[in-house]
Amino acid sequence: MSQVAHKEYEQLRISGLHAFYGESHILHGIEMEVQRGELVTLLGRNGAGRSTTLKAIMNMVGRRTGSIMINGEETMSCAPHHIARLGVGYCPEHRGIFSGLNVMENLTLPPVVRSGGMGLEEIFAMFPNLYERRTSQGTKLSGGEQQMLAMARILRTGANMLLLDEITEGLAPVIVEKLGEVLIRLKEKGLTIILVEQNFHFAAPLADRHYVMEHGQIVEEISAGDLASKQSVLDRYLGV
Amino acid sequence: MTTATTQTDIHQGIVRQQKAEQRKKQILNLVLLVLLLLAPTVMYPVFLMKILCFALFAVAFNLLLGYTGLLSFGHAAFLAAGSYTTGYLLSNFSGLTTEMGIIVGTATATLLGLGFGIVAIRRQGIYFAMITLALAQLVYFVFVQAPFTGGEDGLHGVPRGHLFGLVDLSNNFAMYYFVLAVFLGGYLLVQRIVGSPFGQVLKAIKQNEPRAISLGYNVDRYKLLAFVISASLAGLAGSVKTVVFQLASLNDAHWHMSGEVILMTLLGGTGTLLGPVIGATFVVNLEYQLSQGPLGDWVDPILGAIFVVTVMTFRSGIVGEIQNFLRKNMS
Amino acid sequence: EISNNTVKIGYLADMSGTYRDLAGPNGLKAMEMAIADFGGKVNGAKIEVVSADDRNSPDAASSTARRWVENEDVDMIGGLVASSVSIAVSNILEENDRLGIISGSAASSITNEHCTPNHIHYVYDTYPLANGTASAVVKEGGETWFILTADYAFGHALEGDVTRVVEENGGKVIETVRHPFPTSDFSSFILQAQASGADVVALANAGADTTNAITTANEFGLTQSGQTLAALLLFLTDVHALGAETAQGIQLTTGWYWDMNDETRAWSDRFMEETGVRPTMVHAGIYSSTMQYLDAVKATGSDDAQTVRKQMMETPINDMFAKNGIIREDGRMVHDMYLAEVKTPAESKGEWDLYKIIRTIPGDEAYRPLSESKCDLVTQN
Amino acid sequence: MSMILGVPVAVLSGQLMLGVINGAFYALLSLGLAVIFGLLKIINFAHGAMYMLGALCTVLMFDAFGINYWVALFLAPILVGCFGIALEYFLLRRIAGQDHIYSLLLTFGIALIIQGVLTNIYGVSGLRYSMPDVFKGGMNLGFMFLPYYRAWVIVAALLVCFGTWFMIEKTRLGSYLRAGTEDSQLMQGFGINVPLLISLTYGFGVMLAAFAGVLAAPIYSVSPVMGANILIVVFAVVVIGGMGSIAGAVITGLLMGVVEGLTKVFYPQGSAAVIFLVMVIVLLIRPSGLFGKEA
Amino acid sequence: MSDPFVLETQSLVKEFKGFVAVNDVNLKVQRGHIHALIGPNGAGKTTVFNLLTKFLIPTRGRILFKGEDITAMKPAAIARKGVVRSFQISAVFPHMTALENIRVALQSFEGNSFRFWKSGESLNRLNERCMELLDSVGLTEYANTTTVELAYGRKRALELATTLAMEPELLLLDEPTQGMGSEDVDRVVELVRKAAQGRTVLMVEHNLGVVSKLCDRVTVLAQGSVLTEGNYQQVSDDPRVREVYMGGAATEKQEEAE
Ligand SMILES: Nc1ncnc2c1ncn2[C@@H]1O[C@H](COP(=O)(O)OP(=O)(O)OP(=O)(O)O)[C@@H](O)[C@H]1O
Ligand SMILES: Nc1ncnc2c1ncn2[C@@H]1O[C@H](COP(=O)(O)OP(=O)(O)OP(=O)(O)O)[C@@H](O)[C@H]1O
Ligand SMILES: [Mg+2]
Ligand SMILES: [Mg+2]
C-alpha cells in the first residue's frame, strides 16, 4: 500500500464552476476538492446537477467557467479527449453502450490510458454475464447487463480517477453488492472515485466524504464520520 | 377543495390561451387573405399562380414532414400524376369542364398516394425516404415511356377551359382567383387537420412512435391516411398548375422536384403552417430572378450557396426563426 | 409602329446544363454581337436584350416565356435549344402572337407537326442530319446498320429519319437499341453493336451521350474490327472534347463550320476574341438570325410578329452563315448543309482545326420537302 | 450457338463481365457513401461532385503539369480528400447531430456550388484525357474483347473495397469509427480525438469517390456534370445493400452492375429504372436492405 | 367472474439466434394482485414484458388474457384490450404539454381519431378528465408545461398518468422507480398502490423495498426460467433466490419494511 503515503496528494480541485446548457444555467459555482485515493459521493435529488458536475469535469457540457484542476493541471481549455488522457475514466449516466459494436468490442473500446487496469479475465470473473454474451450486439444486452458493461470497460483503461454516474441503476442486489466490493478494492489500489448515487445505502458505507448538491450548488459536505450526527440534515436534503 | 379550484382555474386558463392563439391565427389569416386578393393588381398574375401552386405543394408535403415526421422523397410523383392526368383529360376530351379535369387528376394522385403508402409506410426513417424515391423513379420511368405523356416534350397547349362550364379561365384574373380559392382550400384543410384529433395523433406519432403504439394507436393507418391526404393535395397542386401553364412535363416527375419541395419547406420552416408558403414564394422568386439577370448561368451555385447558408445559420427556416425570435423576445 | 419604341429580344437557352456549350452563354454573346453590329438601334427604336436560363425544362422555359411576352413586351425569343423547350415556347408565342427563332433544337417535328405561324427553325434539324450522313455512309458501302438511339423524342425522330434514309438507299437496319437518357456507360451497348455484326454503328443521340459512346467504341476497338461509326449529331464542341485522336474519321453533317471561307473565319475570329472558343453552327445561326430579324424590322418598320416573319420569308439569306437561305412557310430555314469528316491528328493543325468538308448538300436536297410536310400551314394552302 | 432468351450465350457472358466492371464503379462509389453515412450519419449528396472532382483533377493535373495517370491515382484522391476534410471542418461539423435532412441539404448545396462554378469554367462538353499507354488495347476472351483498362478497373476497385471493409469491420480504428458515430461525446470522454476522426473519415469517404473518378477519367467523358446523375443510383445501391453496411455496399454494387448490364440487353430502355425496381422489391422483403442490421 | 387469473402464459419461449432468453415460462397473474417479476440481470424480465405486449414475437408458447388467446394480436390491439405497459426508459411525447400527453391517451378510446376534418376544440371535452389524472399524480400545476422541461421524476409520473388514462385492466410496469431519488420512489409507490385499485399490476423492479411494500405475489426469473414463486416473504427466504439475486440485501430490506 505504497499509495497511502501519497494520500494527501490533491487529485481534483474545482472552484467557482458554472455550467450552462444553452441558455439554462445549471451549475452555480461548485467548489470541491478530492484527494488521491478518496471516494466521495455527490448526493442530491433528481435534477440537482450531479451528472452535470461530472460532465463538466469531462468538458462535456455546453459551456463552463471557473477552474478545474486535475493533478494540479488546469483543464478548463482542454478538449475532452485530453482530459481522459490525464487518467480520468467516466461512466455515463445512461450507460452509453454502442449498438454498432458487439460486447467484446464495447469492452475493449476505450483506449488504455494508464497501466494497471483490470484484465479481461478479472472482468469476466466479476461479470460472468458479459462473458456469456460477448459476441452479442452491445444494445441487445439487458438493461442491467449494459450497466455492467459500462462499468467494466472503464475498469480496463487503468484510469486512476473514476467518475461514476448511477452505476447501480437497474442492477440486481447481488451485483450491487459485488460492485461495492469492487469499489473498495479499487480504493485500496489508490484510485480516486467520485460517485453519483441515488442508492444511499450503497454509497454510505463506501465513501470517505459526501457532497450534497441542490440547485446546482454544493450545500453540504459531510465526512463519513459525521454521517450519524448529520443524518437529519441529510434526510432534509434528500427527502429520505 | 383547493386542488379542485386550482384545477378548474388552470383548465380555464388553458382554454383562454387557446382562444387567444386562435384569434391571433385568424388575424394573420385575414391579413394574408387581403394581401393575396390584392396581389394580382400589382404583380404578374401567372407568376403569382405559380407561387400558389408550389406553395400548395409544399404545404401538402409539410403535412408529412412537419407534422407526421415522414420524409417523403417521392412527392414529385403525385404532382406529376395530377399534372399529367389533368393535362391529358383536358387536351383530349373537349367536353370536360376544367374542374372535372382537376378532380380526376387529384383522384389519380390520391390513388397513387395510396399505392405508395401501402408499400412504404411500414419502413422507417431513411428507408422510408428511399423507398418513396424509388417508387417515384419508377413512376418517372412510366411517364417517360408511356405514349400519352408526350415523353420529353410533355403535353402542350392544354386548354384552360371554363370553370363549371361558365367562367372563362383563359383570363388570367379569373384563373388567379380560382387558383387562390384552391390554394386557400388546401391551406385551411391542412390547418384544420393539424389541429384536429387526427392531427394530435400524428404529432404523437412523430414524437414517440412506440409510445403511440402502446397507447393503442394503429400508427400505420394514421401515417397512411396522412400520406394519402398529402399525396392528394400534391396532386391537386399539379392539376391546377397544368391548367395554369397549359403544360405538363417530365420536370414535375423528376426527383429534383421532390428535392425542391423539401428545400422550400425547410427554407420556410417545417412544422409551421406558413413556412412552406413562404419557402415556396422565396424559392420560386429566387429562381426566376436569378435566371433573368446577368447571373443567368450562376443559378445553380447561388441556389447552392443559399442552401448552405440556410442550413448553417437559420436551420428552423424563415418562419421558424421568426417564431423563435418572437418567443425569446416576448417572454 | 414599333411597340413601346423598343425592340425587345429574349434569349432563352440552357445556360448551365447539358446543352450549355453548344449555345448557352456564348449564344447570348453571339446575339449581342449581332445587335452591336447592327448599330444598337433600329429605326430610332432601342434594341433591348433579356436572357434567361431555361434549365432544359419546358416548365421553366414556358413560365419565363409567358412572362416575357405577357408582361414584359418581349417581341422575339431566340436561342431555344432543347426540343421540348422550343415546342412549349412556340405554343406560348402563337397564343400571344410573338415571334420565336429556334437555333439550337434538332427535332424536325418543330416545323412539321408542331409548326406554328410564330416561329422559325433556323440552323438544322434531324432530317438533314440523317440524310447527309446516312446516305453518304450507305453509298460508301455500309449496308447493314445498328442504330443506338437515345430514348427520347429527339432520338426517336433521328432514328426514324435514319432508318428511312438507309432503306431508301438500299441499306438495311438490322437492330436498334434504345438507351436511357442520359447514360454514362456505353460498354454494354457497344458490345451489342459488335455482336450484331452490322457494317455501320450509328449513334442517334447527342451531347455527352455521343461523346461517351464514341470514347467507349474506341476503347473496345469497334472500328479496328471493321465496323464504321456514324455519329448523327455532333457539334464542334463535342469533337473538340473528344479530340482528333479519338474522333478521327467520323463523318457527320453540319450546317456550318467556322473554317469554311474567309467570311466565316473573320466572324469566328471575332467570336473567339469575345468568348475564347470557336463558334458552333448554333452560335453562328444565332448571330445570323438576329441580324435577319433586325433587318426585317428595319425594312418593315414594325415589330409585329406576322409582318416581320413575312418580310423574313421574302428575303433570301445571304451572309456568313448561309447562302441563298430561304425561310419556308412552315418556318423551316432551308440552306446548304455540309458533310464533314473529322481530321486525323496529323491533318489537324490546331485544337479547333477539326473538320474537313467533304461535300456540300444543297438545301432542298437536305431538308424534308414541303410535299411530305404534316404542317397545318402547308397543308391548308 | 446456344441462346438464352434469344441472346447468344457468348454475348451474355460478355455482358455479365461488363456488368461486373460497372459494378466495380458502383461498389467504389457506394462504399464511400456507405462509409460516410454509416459512420457519420451524413447523407452525402456531394458524393457525385467528389467523384467528378477526382476525374477533373486527373485531367487538369495532366494538362497543367503533365502529371501522369499513376501519380494522379494517388494524388487526385488525396487532394480531393483534403478538400473534403476542409468541407467537414468548416461546414459539416457545425451541423453534427442535427437531423439527416440538414446534411442532405448542405451537401446538396455544396454539390450545386461545385458543379455550377466548374461548369462556368470548363463547360459541359467534357475534357479530353487519353488512356495511359500501358492500357492501350485489350485481350480477346473468346466471347468478348476486354480492354486492358477495364480489367484494371476491376482489380483496383476490388482491392480498395476489400481494404476498406477490413479496416472498418476488423480493426481497432474501425471500432473507434463505428462507436464515434453513435456517441461522439462519450468517445471523446474515453480519450479519443473524435473530431479528427470524423474529419478523416469524411475525407476518406470522399477519397474513395475521387478514386473512382480517376478510374473513370480515361473511359468516360470528364465534365463538371458527370457526377450529377450517378449519385441517385449510387444511393439506391447503398440502400439496397443496407445503409451503413460496408460489405453490403460493395456486394450490392457489383450485383447491381450485373443486373443493370443484363437489363441493357433485354430491355435497354429500362436500365435506368431497374435498380429502383430492385430497391422497392428488396425493401419490401427485407426492410433494412440485403445486408442491413436489425432485420 | 370465473377465471381468477387475468393473465396466463403457457410454455412461453423466446430465442434470439440460438440464445434462449425466455425458456418455458408459465406465469399466472391473479386478478387484483400486484405481481412482481424479479430476477438477476439478463434473466429475461424485459423480454417477457416485450412478449406480453408484442414488441417481440414469441418463438413458442401462448399468451392468454382473460382466457382469450392474444398471442397473435398486434401491439395496438392488445393495448385496446386493456393490457398497457409503461416503459423502462421514460416514454412521453416530449414536445406536447403534460395535458396533451394525457389527452392523446384518452383520445384513443374515442374512436374518432381518424377524423381529420374535426376541429381541435372537440378535444377540450377531455380536458377535465386529463386534469383529474394529472392531479392524481401531483402534476396539476404542470398541466401546461411542455414535457421536455419536466424533471425526470415528473416525467415518470406523467407517463404513469398517461398509462392510467388507458383504463388498463392489466398494467405492466418495467422498473417504475429506476433512477429516482427516494422521495420520488415513495411517491411512485403510493401512485402504483392507488392505480392498482380495481386492476391488476405486473411489474419488474429491482428495488426490493418497493417490492416488499407493494407486491402481493412475486415470481423470480433466472436464466429465462421461473425459479420460484410466492409472496415476498416466501421468496426472500428461498436460499436459491438469495444466491442468484438478493444477496445480503434481502434481510436488510425486510427489516426496513417492517
Ligand atoms: N442537455 C441538457 N439540456 C438542458 N438542460 C439539461 C440538460 N441536461 C440536464 N439538464 C438540466 O440540468 C439540471 C441538472 O441535471 P443533472 O442531470 O445534472 O441532474 P442530476 O442531479 O444528475 O439528476 P438526475 O437524477 O435526474 O440524473 C436539470 O434541471 C436538467 O433538467
Ligand atoms: N434483441 C435481442 N437479441 C439478442 N439477445 C437479446 C435481445 N434482447 C435481450 N437479449 C438477451 O436476453 C437476455 C434477457 O434480457 P432481458 O432484457 O429480458 O433481461 P432482464 O431480465 O430485463 O434484465 P435487467 O434486469 O438487466 O433489465 C439477456 O441476456 C439479453 O442479452
Ligand atoms: Mg444524473
Ligand atoms: Mg430489463
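Top to bottom, those sequences are chains A, B, C, D and E.
If you count the first sequence from 1, position 140 lands on 140 in this note's numbering, and the numbers rise without skipping.
Count along the second sequence from 1, add 1000, and you get the number used in this note's numbering.
Count along the third sequence from 1, add 2000, and you get the number used in this note's numbering.
Count along the fourth sequence from 1, add 3000, and you get the number used in this note's numbering.
Count along the fifth sequence from 1, add 4000, and you get the number used in this note's numbering.
We treat Cβ as the ideally placed atom computed from N, Cα and C, and that holds for glycine.
Query: When you compare the CB positions of B/G1235 and B/A1136, do they come within less than 8 Å of one another, or not?; Result: no
Query: Hey, A/R114 and A/G158 are a contact pair by Cβ (cut 8 Å); roughly how many whole angstroms apart?; Result: 4 Å
Query: List in chain order: all unbroken beta strand (DSSP E) runs of 3+ residues lying wholly within the stretch 2154-2206 of chain C.; Result: 2172-2179, 2200-2204
Query: Using a Cβ-Cβ cut-off of 8 Å (strictly less than) and excluding sequence neighbours within five positions of B/R1327, which residues of its own chain qualify?; Result: none
Query: Based on Cα-Cα distance, which residue from D/L3028, D/V3155, D/L3208, D/I3192 lies nearest to D/G3084?; Result: D/L3208
Query: Determine the contact status of D/G3289 and D/G3248, defining contact as a CB-CB distance below 8 Å.; Result: yes
Query: What residues of chain E sit near B/P1210, judged by a beta carbon separation below 9 Å?; Result: F4055, P4075, F4087, A4091
Query: Name the one or two DSSP bridge partners that C/K2420 has.; Result: Because chain C spans 2001 through 2381 in this model, residue 2420 of chain C falls outside it and cannot be assessed.
Query: So does E/Y4152 have its beta carbon nearer than 7 Å to some heavy atom of ligand 1?; Result: yes
Query: Checking contacts by CB at 8 Å: is B/G1304 closer than that to chain C?; Result: no
Query: Evaluate E/M4001 with the Cβ neighbour count: other Cβ atoms within 10 Å of its Cβ, from every protein chain shown; 16 or more gives buried, anything less gives exposed.; Result: With a pLDDT of 49 at E/M4001, under the threshold of 50, the modelled position of this residue cannot be trusted, and the question is left open.
Query: Tell me whether C/Q2224 sits in a helix, a strand or coil according to DSSP, three-state version.; Result: coil
Query: Give a yes or no on whether 8 Å exceeds the smallest Cβ distance from D/S3030 to chain A.; Result: no
Query: Taking its Cβ as the centre, do 16 or more other Cβ atoms sit within 10 Å of B/Y1140, making it buried, or is it exposed?; Result: buried
Query: Could you please tell me which residues of the stretch 1027-1058 of chain B, in chain order, have their CB closer than 7 Å to any CB of chain C?; Result: Y1044, V1046, F1047, K1050
Query: Are the beta-carbon atoms of A/N160 and A/M148 separated by less than 8 Å?; Result: no
Query: Check distances from the C-beta atoms of the stretch 2165-2190 of chain C to those of chain D and list, in chain order, the residues that come in under 7 Å.; Result: V2177, R2178, H2179, P2180, P2182, S2184, D2185, S2187, S2188, F2189
Query: Counting Cβ pairs closer than 8 Å, one from the stretch 3121-3128 of chain D and one from the stretch 2366-2377 of chain C, do we hit at least three?; Result: no
Query: Measure how close the beta-carbons of C/V2007 and C/A2045 come, nearest whole angstrom, since I'm counting them as under 8 Å.; Result: 6 Å
Query: Assuming A/S51 is part of the alpha helix (DSSP H), what are its boundary residues?; Result: 50-57
Query: Is there a Cβ of chain C sitting closer than 8 Å to that of B/E1152, yes or no?; Result: yes
Query: Beta strand (DSSP E) containing D/P3147: first to last residue?; Result: 3145-3147
Query: Rounded to the nearest angstrom, how far is the Cβ of A/E166 from that of A/Q198, given a contact under 8 Å?; Result: 6 Å
Query: If the cut is a Cβ gap below 7 Å, which residues of chain D does C/S2243 touch?; Result: In the sequence under discussion, the amino acid at residue 2243 of chain C is Gly, which differs from the Ser named in the question. R3128, listed in chain order.
Query: Whole angstroms are fine: how far does the CA of C/A2061 sit from the CA of C/L2073?; Result: Note on identity: in this sequence residue 2073 of chain C is Asp, with Leu being the wrong assignment. Their backbone Cα atoms lie some 16 Å apart in a straight line.
Query: Step through the CB atoms of chain C and report whether any lies within less than 8 Å of the CB of D/I3026.; Result: Here the sequence assigns Tyr to residue 3026 of chain D, which means Ile is not the residue at that position. No, because no Cβ of chain C sits closer than 8 Å to the Cβ of D/Y3026.
Query: Suppose you measure from the CA of C/N2324 to the CA of C/G2276; what does that come to, to the nearest Å?; Result: 30 Å
Query: May I have the straight-line CA-CA distance separating D/F3108 from B/F1307, to the nearest angstrom?; Result: 8 Å
Query: Ligand 1 and A/R153: does the residue's C-beta get closer than 7 Å to at least one heavy atom of that ligand?; Result: no
Query: Check this for me: beta carbons of A/L162 and A/G89, under 8 Å apart or not?; Result: yes
Query: Beta-carbon within less than 8 Å of C/F2181's beta-carbon, same chain only, minus the 5 sequence neighbours each way: which residues are those?; Result: A2150, D2151, Y2152, G2155, N2205, D2209
Query: State yes or no: is the C-beta of A/Y21 nearer than 7 Å to some heavy atom of ligand 1?; Result: yes
Query: With DSSP run on the structure shown, which of helix, strand or coil describes D/P3008?; Result: strand
Query: So, is the C-beta of C/I2087 closer than 8 Å to a C-beta in chain B?; Result: yes
Query: Against chain E, with Cβ distances strictly below 8 Å, would B/K1203 count as a contact?; Result: yes
Query: Using only the heavy atoms of ligand 2, determine whether one of them is closer than 7 Å to the beta carbon of B/K1328.; Result: no
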